[in-house]
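Everything on this sheet refers to the single structure shown next.
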Amino acid sequence: MNITIRTPPDFNFKRTAASHGWSELLPFRIDDKWSKLSRVLDVGANRKPVSVEITGAKGGLRVSVEGELPPAAVEKVRRDVRHMLRLDDPLGVFYAEMAKEPAFAWVARAGAGRLLRAPTVFEDLVKTVCTTNCSWSLTKTMVSRLVVNLGRPARGGGHSFPTAATLAEAPLSFFREEMRSGYRAPYFKELAGRVASGELDVEGWLTSELPTPELKRAMKQVKGVGDYAAENLLKLVGRYDVLALDSWVRSTYARLHNQGRAAADKKIARHYARFREWRGLALWCDMTKDWIKE
DNA sequence: GCGTCCAGGTCTACC
DNA sequence: GGTAGACCTGGACGC
10 MNITIRTPPD
20 FNFKRTAASH
30 GWSELLPFRI
40 DDKWSKLSRV
50 LDVGANRKPV
60 SVEITGAKGG
70 LRVSVEGELP
80 PAAVEKVRRD
90 VRHMLRLDDP
100 LGVFYAEMAK
110 EPAFAWVARA
120 GAGRLLRAPT
130 VFEDLVKTVC
140 TTNCSWSLTK
150 TMVSRLVVNL
160 GRPARGGGHS
170 FPTAATLAEA
180 PLSFFREEMR
190 SGYRAPYFKE
200 LAGRVASGEL
210 DVEGWLTSEL
220 PTPELKRAMK
230 QVKGVGDYAA
240 ENLLKLVGRY
250 DVLALDSWVR
260 STYARLHNQG
270 RAAADKKIAR
280 HYARFREWRG
290 LALWCDMTKD
300 WIKE
């Protein structure tokens, strides 16, 4: 069956699907042209997960699912797709700010700035820890092993992202010997236990009223989450007054704005400071401008 | 084939 | 509060 989802006028499917590396991490998949985003979604504890294919259509999205789904499951798919592709994020003020500067005016024209995210903060959190202190290829390998081994098989192929409860039940040896996550293994085990027991409400970060520095402090209470990981997560919950500097951003900044020489973090911060609460998003758009030709 | 470096960093101990 | 050293893994690179 096909589900149609209306999108805002400034929405750009390709820019969103390819906004950062998440589309390459299971249970997401992206085609070579960045025109079809696939994803396995949970549609209820008593139903098999479903594999959906999302493509851009005029004025909206087409979400294809194998077979038919009951109304409640259709509603869950709609909700997840809207959340993942940030369809309800208010970016009008951001685009107005970007349009004021010639070097950033393309952002509003292109409809860039929607950062793809998972249906749950828990998944984004686990994946973010998988990006730290390793190559991108190792990140993909660790996430794939986690999803394939612990995720539920889906109708239409693939596996869902495992829940915190599933991770909590897995032995520490799984994270070490199967996932091969190295020193991160006890971090995942501890995090999953805290989330599954209800001690830690990471989904609440989406609607938290804490000021960003306090929310960042709360995020850093999770083992394996430092400055970069917390700031990356902040962007994924809609806070852009942080930069999330990592080695890739630093080297890209050096190439684009510093004649190939390494720049101090303070210099990078100064470069984007004028964008205030949008500086993190302005930086990311700047770094990824050439990923897609206008 | 082997050793070294380092990648989309973080933690701990120590000062 | 700032910093050195340790930490898993695996791909790239030099020899």
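In our numbering, the protein residues as written are 10 to 303.
All C-beta atoms in this analysis are idealised placements derived from N, C-alpha and C, irrespective of residue type, glycine included.
Legend entry - Local conformation of residue 273 per DSSP, three classes: coil
Inset, instruction - Please report how far the alpha carbon of residue 82 lies from the alpha carbon of residue 53, in whole angstroms. - result: 7 Å
Inset, instruction - Would you give the residue range spanned by the alpha helix (DSSP H) that residue 215 belongs to? - result: That residue, residue 215, is in no alpha helix (DSSP H); it is neither H nor E in DSSP.
Legend entry - Extent of the continuous beta strand (DSSP E) to which residue 261 belongs: No beta strand (DSSP E) contains residue 261, which is instead part of the alpha helix (DSSP H) from 256 to 266.
Inset, instruction - Taking residue 298 as the reference, give the member of 17, 29 and 11 with the closest Cα. - result: 29
Legend entry - Beta-ladder partner(s) of residue 142, from DSSP: Partner(s): none; residue 142 has no beta bridge.
Inset, instruction - Give a yes or no on whether the C-beta atoms belonging to residue 136 and residue 150 are separated by under 9 Å. - result: no
Legend entry - Distance between residue 96 and residue 65 (C-alpha atoms, nearest Å): 13 Å
Legend entry - Sequence-distant residues of the same chain with beta carbon closer than 7 Å to residue 209, five excluded per side: 203
Inset, instruction - Figure out for me which residue from 289, 187, 197 and 127 has the closest Cα to the Cα of residue 139. - result: 197
Inset, instruction - Please determine, among 68, 180, 76 and 126, the residue with the shortest C-alpha to C-alpha distance to residue 93. - result: 126
Legend entry - the segment 98 to 115 in contact with the segment 285 to 292 per 3-pair CB rule at 8 Å: yes
Legend entry - Whole-angstrom distance between residue 162 and residue 168, CA atom to CA atom: 4 Å
Inset, instruction - Could you pull the start and end residues of the beta strand (DSSP E) that residue 66 belongs to? - result: 59 to 66
Inset, instruction - Tell me whether the beta-carbon of residue 239 lies closer than 9 Å to the beta-carbon of residue 258. - result: no
Legend entry - Cβ-Cβ distance between residue 22 and residue 44 below 9 Å: yes
Inset, instruction - Look at the alpha carbon of residue 253 and the alpha carbon of residue 113, and state the distance between them as a whole number of angstroms. - result: 19 Å
Legend entry - Buried versus exposed call for residue 274 [16 or more other C-beta atoms within 10 Å across all chains shown]: exposed
Inset, instruction - State yes or no: is the C-beta of residue 158 within less than 9 Å of the C-beta of residue 188? - result: yes
Inset, instruction - Report yes if the C-beta distance between residue 129 and residue 70 is below 9 Å; otherwise report no. - result: no
Inset, instruction - State the start and end residues of the unbroken alpha helix (DSSP H) segment that holds residue 87. - result: 80 to 93
Legend entry - Close beta carbons around residue 212, own chain, < 8 Å, minus the five adjacent residues each side: 129, 130 and 131
Legend entry - Contact check, residue 134 vs residue 244, beta carbons under 9 Å: no
Legend entry - residue 45: first and last residue of the uninterrupted beta strand (DSSP E) it sits in: 45 to 50
Inset, instruction - Taking the CB atoms as reference points, tell me whether residue 181 and residue 232 lie closer together than 9 Å. - result: no
Inset, instruction - Thinking residue 156 and residue 35 are a contact (beta carbons under 8 Å), I'd like their distance in whole angstroms, please. - result: 4 Å
Legend entry - Pair within 9 Å by beta-carbon distance, residue 49 and residue 170: yes
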